[in-house]
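Residue numbers (the numbering used here), protein chains in the order written: chain A, 35 to 242; chain W, 35 to 242.
Where a beta carbon is used, it is the ideal one built from N, C-alpha and C, also for glycine.
Predicted model, so just to flag it, every value in this text is computed and none were measured.
Shown next, in structure tokens, is the structure this report addresses.
2 protein chains.
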Amino acid sequence: MKTEKVDKKQAILEAAEKLFCETGYEGTSTRQISKESGANMAMINYYFGSKEGVFIEIMNNRIAGFLSQLKIINEDKISSLEKLHKVIEGYANRIFSNIAFHKMMHRELSLTQRPDMYDKIKNAMSHNMLILDRIIMDGIEDGSFNNVDVRMVISTIMGTLTNVVIAPHKISQGEIIDLNNPKDNKLIKERVIAHLQNLVTVYLTTKK
Amino acid sequence: MKTEKVDKKQAILEAAEKLFCETGYEGTSTRQISKESGANMAMINYYFGSKEGVFIEIMNNRIAGFLSQLKIINEDKISSLEKLHKVIEGYANRIFSNIAFHKMMHRELSLTQRPDMYDKIKNAMSHNMLILDRIIMDGIEDGSFNNVDVRMVISTIMGTLTNVVIAPHKISQGEIIDLNNPKDNKLIKERVIAHLQNLVTVYLTTKK
DNA sequence: GGAAGTTAATCAAACGATTGATTAATTTTG
DNA sequence: CAAAATTAATCAATCGTTTGATTAACTTCC
């Protein structure tokens, strides 16, 4: 029996996300999406109205999941430093579990075009930055953190994570690191988590 | 007299760079480049062979300048920490003096497409990372630096700088930061330099 | 020195291919 | 049967590139 009953709508979304990640929004044609998803071209407009509609839906889905995660951490009854460690771990896990999408997000963020998308990503990011901001500020105010440049520390945390997944990876003892390889992915992820946690601990809590 | 003699070739390069930075490679048409530069469409292919030829020429020009800068620093007779501080300052100055191009570089780096361009950027980056690697390794070997995860420290330095210029900028005491505004640009640049220099000093030289 | 030859630079127009989108007809489904 | 889903065919618009012709400046040669 061939009751494959693959949801065409979902198939389009998945194919489009894959292609957008690989070749960018402009670099992906609706015909490619059609072929990759197995759906007829017209289905794209039938379900999403337009190519941009597909893009927006993908972004909305992803960002929705992004937002809810970190709120809980900030309400834990733990020290500011422990909160920070948890946030770093949470960020890293999310980014490393979908590197391609994270790349795409940054790509679209660096374009002045598509202002609605830019605003959406910007808002999602700002929200995350706000949580980090609050945690670090609390730590400074209760005296457990040094009086650092909060905004810059946030840039360091987020920038390091982004750089690790985007920047070209060097050879590690003769073998090329491939973040699509689950083993390498896990290894690098744990390395950057350990590094960042150690870094913020030293930088924020070392007394002069 | 109508000897305007504007170098069309240069005009195309400048217009294309501006447009590529603003709307991306795929998002920019040869007709736009033609209109913006005042040159006939055919001139693009006449001088550069193709649209991609223009892109490659722009990249080559920029990267060429990028490479020579940092070599000198590493040959100075100063401490590893001072070298590191100088490199951070050098990076920051270069990035902040041409933010749009730096964005474009990162955009193209996140695309698996256009492998020749990817390789070019990757090589340029790798070279810079190698210099940083050498400086930090030397510091570790002569005992002036802690035994840190060198690759991750490099990601932190480069990632922080990139994040500051790419990530959306928050409101600072009621006013929006605009890195195209020379005053804001200088301010933020000095902030991130001070932050990174302080960060690496604390992280690399603080004894446990 | 001036006619003849040669060159690079520039142009408008057109090329075939591809783009995102839409139509109208057909099939599937409830 | 009617509504929803799917299809092939087609749309106008735009894409990057190429063409053939023209201009203007410079060499070459007698």
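{"Item": "Residue from Glu175(A), Tyr152(A), Asp41(A) with nearest C-alpha to Ser114(A)", "Value": "Glu175(A)"}
{"Item": "Buried versus exposed call for Lys117(W) [16 or more other C-beta atoms within 10 Å across all chains shown]", "Value": "buried"}
{"Item": "7 Å Cβ shell around Asp212(A) - same chain, five flanking residues per side excluded", "Value": "Asp218"}
{"Item": "Minimum C-alpha distance to Thr239(A) - residue among Val184(A), Gly173(A), Asn214(A), Val198(A)", "Value": "Gly173(A)"}
{"Item": "Span of the alpha helix (DSSP H) around Tyr59(W)", "Value": "No alpha helix (DSSP H) contains Tyr59(W), which DSSP labels as neither H nor E."}
{"Item": "Cross-chain neighbours of Arg225(A) in chain W, by beta carbon under 9 Å", "Value": "Asp183, Arg185, Met186"}
{"Item": "Close-in-space but distant-in-sequence residues of the same chain around Met35(W) (CB under 7 Å, 5 per side omitted)", "Value": "For Met35(W), the pLDDT reaches just 25, beneath the cut-off of 50, and the residue's location in the model is therefore unreliable, leaving the point undetermined."}
{"Item": "Continuous alpha helix (DSSP H) stretch holding Lys241(W): start and end", "Value": "No alpha helix (DSSP H) holds Lys241(W); DSSP gives it neither H nor E."}
{"Item": "Cβ-Cβ separation, Ile188(A) to Leu166(A) (assumed contact under 8 Å), whole Å", "Value": "5 Å"}
{"Item": "Closer than 7 Å at the beta carbon, the chain A residues around Asn214(W)", "Value": "Result: empty, since nearest Cβ-Cβ is about 11 Å, beyond 7 Å."}
{"Item": "With 16 other Cβ atoms within 10 Å as the buried cut-off, status of Arg141(A)", "Value": "buried"}
{"Item": "Any 3 or more C-beta pairs closer than 8 Å across the stretch 193-200 of chain W and the stretch 225-235 of chain W", "Value": "yes"}
{"Item": "Sub-9 Å separation of Ile155(W) and Met171(W) beta-carbons", "Value": "no"}
{"Item": "Partners in chain W for Val236(A), counting only beta-carbon separations shorter than 7 Å", "Value": "Val236, Tyr237, Thr240"}
{"Item": "His222(W) in three-state terms, based on DSSP", "Value": "The residue asked about is misnamed: residue 222(W) is Ile in this sequence, not His. Helix."}
{"Item": "CB contact flag (Ile67(W), Met151(W), <9 Å)", "Value": "no"}
{"Item": "Coil, strand or helix - Ile92(A) by DSSP", "Value": "helix"}
{"Item": "Chain W contact residues for Asn197(A), given Cβ-Cβ distances below 7 Å", "Value": "Ser189, Met192, Gly193, Thr196"}
{"Item": "Closest by C-alpha distance to Lys80(W), when choosing among Lys220(W), Lys241(W), Asn157(W), Leu47(W)", "Value": "Per the sequence shown, residue 80(W) should be read as Tyr rather than Lys. Residue Leu47(W) is the option with its Cα nearest to Tyr80(W)."}
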